[in-house]
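Undergrad:
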Amino acid sequence: MTSPLLYSVRMRASSGNRHISGAERLVSAERISGTAQELVERALGKGIDPDKVLITIDSLQGACITSLQALDLTSLTSRDVAACRHASKQVLQAAGVSPAAMESAFTLLDAGPSPSGGTLRGAMLMDAATGERLEADRERGVRVSRFDWSGEAFAAIDRELTRIGLTHFRTREALSLASKVAHGPGVIAELCWSDDPDYSAGYAASLPTGYVRFPFMKEKGRTTGGRAFFVKREAFDPNALLSYLQEEPVMITRIGSCCQISDLSELLPGRPINRHV
Ligand code: WAQ
Ligand code: MG
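For the sequence shown, the tail end lands on 279 under the working numbering, and the numbers increase by one without skipping.
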C-alpha cells in the first residue's frame, strides 16, 4: 500500500534557556506551510515573548508509519486538587507504578524537574519500581516527536471530546501523545500536568487504564508541571525506547471511547480508595 508522503513539522519556542512551548504534527506536503504558520502563531501567542522559535520540517520518506488506536479517555469531574491527585495515584498504582516512584514523580514535577529547578522541554524517564531517573539529559528530558491524528480521527475525537465538554486543543494533543507513549517498549504508565499557570489539568495514562483526565492537578497560577514516563526496568532498552519516542512516526487513526465520571470507582471498581494519600 502506498500512502502520501508525510512530513514531520515541529515547533519549539524558548526564551534564553527556558522552554516556552512546543508542538508536533505529521502532515502532507500541501499542509506544511499552513501548519508552520499555525505553530508560529501559537509560539507567539503565549504571553511570553520567545527570543527563539524553531520550526523543523522533516520528510518521512522511507519511514514506516505505525497506525494506532487512541487510548480510551475517562474524564473525572472532581474539582479539588487533593482528590484529583489522589485519584491519579490510584490509576498509576493500577498500572503497576510503586508508591515510591509516584511520590518521586510528584515531588519533582512540583519543584521543576531540571537540575536548575525549571521545567523540562521533554519528559522524565523514571524506574516504575524505585523512582530512579533514567534519562541521560536531565536538563532537557525526552521529547516525543512524530505523532498526530489522521484527518478522520481528528474530526472524530474532536466531536467526542466536545460532547463531554472538552474543547481545548491541549486535550487532543495530550491524548495523541499519551497514546503513542503508552505503546512505547518498556513503558507502563505516564503522569502529566501542564506547566502553564492558567491550565491546571493533567492525566495519568497507561494501556490497561486508558487516559484518565483530572481537571485540577495543581493550584491555578503555578508554573511547574511536566511529564514522567514510568518504565519497567527489566523491559527497558534505552535505545529502543528513545528511537520509538523520537523517531518512529505514529499516526492515530482510530479513536477510543470518551466518557465522564464523578468517582474513580466507576473506572477502577473494587480498588481500595484510601491508599497513598
Ligand atoms: N514530549 C515529552 N514531553 C513533553 C512534550 C513532548 N512532545 N511536550 C511537552 N512535554 C512536557 C514538557 O516538560 C512540558 O513542559 C510539559 O510536558 C507540559 O507540556 O486537557 O498542556 O504542552 O486533558 O504544557 C495535560 C492535560 C496538558 C490535557 C498537558 O502540556 C487535557 C499540556 P504542555
Ligand atoms: Mg506548556
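Each residue gets a CB set at the ideal place from its N, CA and C atoms; glycine is no exception.
None of the values given here were measured: they were computed from a predicted structure.
Grab the span of the alpha helix (DSSP H) containing Leu94 for me, first residue to last.
TA: Taken as a continuous stretch (DSSP letters only), the alpha helix (DSSP H) holding Leu94 covers 83-97.
Undergrad: For the beta strand (DSSP E) that contains Ser152, what are its first and last residues?
TA: Premise fails: Ser152 is in no beta strand (DSSP E) and is neither H nor E.
Undergrad: Using a threshold of 8 Å, state whether the C-beta atoms of Met128 and Ser106 are closer than that.
TA: Yes, the pair counts as a contact, with Cβ atoms nearer than the cut-off.
Undergrad: Within 8 Å, do at least three Cβ pairs link the stretch 172-179 to the stretch 34-46?
TA: Judged by Cβ distances under 8 Å, the stretch 34-46 makes no contact with the stretch 172-179, as fewer than three pairs qualify.
Undergrad: Hey, is Ser2 close to ligand 2, as in C-beta under 7 Å from one of its heavy atoms?
TA: A question about residue 2 goes unanswered here, because the residues of the chain that appear run from 3 up to 279.
Undergrad: Taking DSSP as the reference, what is the three-state secondary structure of Phe218?
TA: Coil at Phe218, not helix or strand.
Undergrad: Among all the DSSP beta bridges, which residues are the ones paired with His21?
TA: Its beta-bridge partners are Ser16.
Undergrad: Quick check on Val146: does DSSP put it in helix, strand or coil?
TA: Correct three-state label for Val146: coil.
Undergrad: Cβ-heavy atom distance between Tyr205 and ligand 1 below 7 Å?
TA: Yes, the Cβ of Tyr205 comes within 7 Å of a heavy atom of ligand 1.
Undergrad: Can the beta-carbon of Ser280 be found closer than 8 Å to that of Ile50?
TA: Residue 280 is absent from the structure shown; the chain starts at 3 and stops at 279.
Undergrad: Between Ser5 and ligand 2, is there a pair consisting of the residue's CB and a ligand heavy atom that are separated by less than 7 Å?
TA: It does not: the Cβ of Ser5 is nowhere closer than 7 Å to a heavy atom of ligand 2.
Undergrad: Thinking C-beta only, is Val214 closer than 8 Å to Tyr2?
TA: Absent from the structure is residue 2, since the part of the chain shown begins at 3 and ends at 279.
Undergrad: Between Leu122 and ligand 1, is there a pair consisting of the residue's CB and a ligand heavy atom that are separated by less than 7 Å?
TA: True, at least one ligand heavy atom lies under 7 Å from that Cβ.
Undergrad: Rounded to a whole number of angstroms, what is the C-alpha to C-alpha distance between Ala45 and Pro210?
TA: If I take the Cα positions, the gap works out to 34 Å.
Undergrad: Where Val252 and Gly24 are concerned, what is the direct C-alpha to C-alpha distance, given to the nearest angstrom?
TA: If you take the alpha carbons of Val252 and Gly24, they lie about 18 Å apart.
Undergrad: Using a threshold of 8 Å, state whether the C-beta atoms of Ser100 and Ala131 are closer than that.
TA: In contact: Ser100 and Ala131 (Cβ atoms closer than 8 Å).
Undergrad: Of the residues Ser17, His21, Glu32, Gly18, which one's Cα is nearest the Cα of Val11?
TA: Comparing Cα positions, the closest option is Glu32.
Undergrad: Give the DSSP bridge partners of Thr76, in chain order.
TA: For Thr76, which the question treats as bridged, DSSP gives the partners Val214, Cys261.
Undergrad: For Pro199, collect the residues of the same chain with a Cβ closer than 6 Å to its Cβ; drop the 5 residues on either side in sequence, then sort them by chain order.
TA: Around Pro199: Gly223, Thr225.
Undergrad: Under 8 Å between the Cβ atoms of Gly228 and Leu136?
TA: The answer is no: Cβ separation not under 8 Å.
Undergrad: I think Glu192 touches Ala207, with their Cβ atoms under 8 Å apart; what is that distance to the nearest whole Å?
TA: The pair is a contact, with the Cβ atoms about 5 Å apart (cut-off 8 Å).
Undergrad: So Phe181 packs on Leu70, CB below 8 Å; how close in whole Å?
TA: In the sequence as presented, Phe is not what sits at residue 181; that position holds Ser. The pair is a contact, with the Cβ atoms about 6 Å apart (cut-off 8 Å).
Undergrad: In angstroms with no decimal places, state the Cα-to-Cα distance between Ser118 and Ala103.
TA: Those two C-alpha atoms are separated by around 21 Å.
Undergrad: Please confirm whether Phe238 and Gly188 have their CB atoms less than 8 Å apart.
TA: Going by C-beta atoms, Phe238 is nearer than 8 Å to Gly188.
Undergrad: Could you check whether the Cβ of Thr173 sits closer than 7 Å to any heavy atom belonging to ligand 1?
TA: Checking every heavy atom of ligand 1 against the Cβ of Thr173, one is found closer than 7 Å.
Undergrad: Give me whichever residues DSSP pairs with Pro246 in a beta bridge.
TA: Correcting the residue type first, residue 246 is Tyr in the shown sequence and not Pro. DSSP lists no partner for Tyr246.
Undergrad: Look up Thr37 in the DSSP assignment and say whether it is helix, strand or coil.
TA: Note: Thr37 maps to helix in three-state DSSP.
Undergrad: Are there any heavy atoms of ligand 1 lying less than 7 Å away from the beta-carbon of Arg14, as far as the coordinates show?
TA: No - ligand 1 has no heavy atom lying nearer than 7 Å to the Cβ of Arg14.
Undergrad: Please determine whether the Cβ atom of Ser23 lies at a distance below 7 Å from any heavy atom of ligand 2.
TA: Answer for Ser23: yes, Cβ within range of ligand 2.
Undergrad: At which residues does the beta strand (DSSP E) containing Ala281 begin and terminate?
TA: No answer is possible for residue 281: it lies beyond the span of the chain, which begins at 3 and ends at 279.
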